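Chemist: Numbering (the numbering used here), first residue to last: 51 to 384. Every residue, glycine too, gets a C-beta built ideally from N, C-alpha and C. This one's a predicted model, so the numbers in the text were calculated from it and none came from an experiment. Can you read through this structure? Questions will come right after.
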Amino acid sequence: MTVEHRFKVAMIARERQDVPEWVRERLDAIPGLEIAYGHCRTEAELLAIAAAADMIWTMGSNEVLTPAVLPKLGRCRAIFRSGSGMDGYPVAEASALGIAMCNSPESISEAVAEHAVSLLFALVRQIPFSDRRMRGDQGCRVSLRWHISGSTLGLVGFGRIGSRVCEMMVGFRMTLLVYDPFTPPEQVRRYGALPVGLDELLARADFLSLHCPLTDQTRHLIGAKELAAMKKGALLVNTSRGAVVDEIALIDALRNGQLGGAALDVTDPEPPSADSPLFALPNVILTPHNAALSGQFERNFWEASIQVVNECRHGDVDTHCMNRRERATRPTTT
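Next comes the structure, spelled out in structure tokens:
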């Protein structure tokens with residue numbers, strides 16, 4: 051008699067009781083799936099539940115999936131991070147071992163895109179600053195220097211979030227510029243946007259919105275040189291990762307007027323220190339990295355996660371794999 055191999059998943063970021071009951075019921079209904087739960091904070095805790103796992107499932111920031119521990123996960127075919135960002139995860143080392151790095155950005159893309167657009171409108175229309183003046187009995191004489199219609203929006207990154215922002219802004223009669231070396235130009239044009247190089251985008255954009263992942267190549271992608279190349283008084287929105295922007299250079303540009311304002315859902319470090327100059331700048335809007343949250347967030351988050359686990363259970367690690375081009379072929383372990 052042939053014994054069917056059970057696909058073992060190690061959920062290393064939640065105890066069983068911390069996963070919603072309806073999610074557990076859905077997972078339990080997947081044939082051949084076996085899940086071990088634990089909130090692992092050390093390598094020993096990780097290996098206790100994941101040493102024989104076919105798939106590692108985590109979420110949020112990474113504490114224990116280090117380059118050193120990966121070779122000890124001999125059966126692991128995929129590491130799945132619910133959500134989008136892979137910064138802090140050993141992607142290169144996993145790729146070299148043939149491990150698929152999977153994520154589920156579709157679970158948050160709509161909410162993050164809405165947040166980015168909301169921040170842009172809040173900056174352009176000076177809404178938080180008008181509110182503060184009204185509450186301080188200073189009237190409503192806030193200078194409105196910018197205008198959405200007829201302006202140029204530059205999008206850095208054109209994945210699910212950047213492309214959704216583009217769709218939302220098409221109706222405002224804007225010129226839409228996109229810099230993303232990994233997206234085919236014809237795909238950008240289908241959205242009504244123009245693919246350009248970063249230098250051209252910075253020189254032409256009235257507003258800059260960042261939607262790229264944090265990698266070695268994008269860390270401080272927007273620094274002093276790039277900010278100086280922008281139009282004087284331009285606006286910046288960042289809902290990607292704080293370290294995509296050189297924060298010291300950003301603060302200088304906001305102080306000297308090179309930038310007219312910034313709206314930041316992410317900072318570097320995060321959260322910002324209590325004495326961060328960002329808090330004292332009158333032309334900055336800050337939100338606490340909550341762009342992904344919405345009334346539908348939890349349901350979307352878990353539904354997308356269940357889908358990825360189910361795909362991997364049935365041998366499909368490529369649909370949600372973000373390192374498919376880099377990863378080597380891993381020998382089969384029986």
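#1: Could you check the C-alpha separation between A385 and A163 for me, to the nearest Å?
#2: Give the secondary structure of S219 by DSSP, where H, G and I count as helix, E and B as strand, and everything else as coil.
#3: Among G88, Y241, G133 and Q176, whose alpha-carbon lies nearest the alpha-carbon of D68?
#4: From L314 to D137, what distance separates their C-alpha atoms?
#5: Based on Cα-Cα distance, which residue from L173, P140, P322 and N153 lies nearest to D266?
#6: Which residue from G148, S145, S157 and A128 puts its Cα closest to that of G345?
#7: Give the straight-line distance between the Cα atoms of G247 and T233, rounded to the nearest whole angstrom.
#8: Suppose the cutoff is 6 Å on Cβ atoms and the five residues either side in sequence are ignored; what does the same chain contact list for A243 look like?
#9: Using the three-state DSSP reduction, which class does E164 fall into: helix, strand or coil?
#10: Which of helix, strand or coil does DSSP assign to R76?
#11: Taking 9 Å as the threshold (C-beta atoms), are V174 and A198 in contact?
#12: Can you tell me where the alpha helix (DSSP H) holding H355 begins and where it ends?
#13: Which value, in whole angstroms, describes the spacing of the CA atoms of A284 and G148?
#14: Taking all protein chains shown into account, do 16 or more other C-beta atoms lie within 10 angstroms of the C-beta of R127, making it buried, or fewer, making it exposed?
#15: Hey, how far is the Cα of V167 from the Cα of E160?
#16: Give me the DSSP bridge partner(s) of S132.
#17: Assign T369 to buried or exposed, taking buried as 16 or more other Cβ atoms, counted over all protein chains shown, within 10 Å of its Cβ.
#18: Please state whether DSSP places R56 in a helix, a strand or coil.
#19: What does the alpha-carbon distance come out to for the pair T383 and S134?
#20: Runs of 3 residues minimum, wholly inside the segment 291 to 340: which ones carry the beta strand (DSSP E) assignment?
#21: When you compare only the Cα positions, how much space is there between M372 and M109?
#22: For A303 and L271, I'd like the C-alpha separation in whole angstroms.
#23: Enumerate, from N- to C-terminal direction, the unbroken alpha helix (DSSP H) stretches of 4 or more residues contained entirely within the segment 225 to 289.
#24: Tell me the rounded alpha-carbon separation between N288 and R210.
#25: Would you tell me roughly how many angstroms separate the C-alpha atoms of A63 and R131, rounded to the nearest one?
#26: Apply the 10 Å Cβ neighbour rule to V53 and answer buried if 16 or more other Cβ atoms are within range, or exposed otherwise.
#27: Taking G273 as the reference, which of N153, F222 and D296 has the closest Cα?
#28: Thinking C-alpha only, which one of A79, A102 and W72 is nearest A86?
#29: Suppose you measure from the CA of Y241 to the CA of L97; what does that come to, to the nearest Å?
#30: Would you mind sorting W72 into buried or exposed? The rule is 16 or more other CB atoms within 10 Å of its CB.
#31: Output the distance between the C-alpha atoms of Q251 and L286, rounded to the nearest integer angstrom.
#32: Express the C-alpha separation of P81 and M51 in angstroms, rounding to a whole number.
#33: Which same chain residues, not among the five before or five after V114, have their C-beta less than 8 Å away from its C-beta?
#34: Could you have a look at M61 and say whether DSSP puts it in helix, strand or coil?
#35: Are G311 and H261 close, meaning C-beta to C-beta below 9 Å?
#36: Quick check on H165: buried or exposed, where buried means 16 or more other Cβ atoms within 10 Å of its Cβ?
Modeler: Result, derived from the coordinates:
#1: This structure cannot speak to residue 385, because the chain is shown only from 51 to 384.
#2: Going by the sequence as given, residue 219 is Met instead of Ser. It is helical.
#3: G88
#4: 18 Å
#5: P140
#6: S157
#7: 12 Å
#8: C216, L226 and V228
#9: helix
#10: helix
#11: Reading off the sequence, residue 198 comes out as Ile, not Ala. Taking 9 Å as the Cβ cut-off, I198 and V174 qualify as a contacting pair.
#12: Looking at the sequence itself, residue 355 is Ser, so the reference to His does not match. Start and end: F347 to R363.
#13: 44 Å
#14: buried
#15: 11 Å
#16: M109
#17: exposed
#18: coil
#19: Only weak support exists for where T383 lies, its pLDDT of 48 falling under 50; the value from the coordinates is given anyway. Approximately 29 Å, taken between the alpha carbons.
#20: 309 to 314 and 334 to 336
#21: 15 Å
#22: 15 Å
#23: 235 to 240, 248 to 254 and 274 to 279
#24: 15 Å
#25: 10 Å
#26: Since pLDDT at V53 reaches only 48, below the 50 mark, its modelled position is unreliable, and no value is offered.
#27: D296
#28: A102
#29: 46 Å
#30: exposed
#31: Checking the sequence, you will find Leu at residue 251 rather than Gln. In a straight line, the C-alpha of L251 is about 13 Å away from that of L286.
#32: With a pLDDT of only 43 at M51, under 50, the local geometry of the prediction cannot be trusted, and the value read off the model is given with reservation. Cα to Cα, the separation comes out at about 18 Å.
#33: I62, C90, R91, T92, E93, E95 and L96
#34: strand
#35: no
#36: buried
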